[in-house]
Amino acid sequence: MQTYKVRKEVEKYAHVAIFTEIKENDFNLNIPRYVDTFEEEDEIDIDAVQIEIDNLEKELVEVRKQMAEKLQQIDRSAG
């Protein structure tokens with residue numbers, strides 16, 4: 006990007022700071038002080054996540070039960 010050469014302000018990427026602004030910040034050139042790169046994350050519905058976990062745990066119990074039954078059938082037919 007040519008932002009440096011053309012001294013262009015680009016949201017979340019570049020900020021053209023004037024000398025007084027830099028001086029007000031005690032000459033701290035830390036980028037987050039001038040450019041907000043933070044992206045808002047989507048909210049997570051904790052209740053929905055917990056319901057999904059509960060459903061997966063129930064499914065896992067059922068799958069384990071079916072596996073045990075199949076293994077017993079295999080053991081009986083092998084023995």
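Residue numbering for the sequence shown is 6 to 84, as defined by our numbering. Even for Gly, the Cβ is constructed at its ideal location relative to N, Cα and C. This structure is a prediction, so every number in the text was calculated from the model and none was measured.
As DSSP reads the structure, A19 sits in a beta bridge with V15. DSSP, read as helix, strand or coil, puts N30 in coil. In the three-state reduction of the DSSP assignment, Q7 falls in the coil class, being assigned neither a helical nor a strand state. A Cβ-Cβ distance of about 15 Å is found for the pair V21 and E29, leaving them out of contact under the 8 Å criterion. In the DSSP annotation of this structure, E46 is not part of any alpha helix (DSSP H), being labelled neither H nor E.
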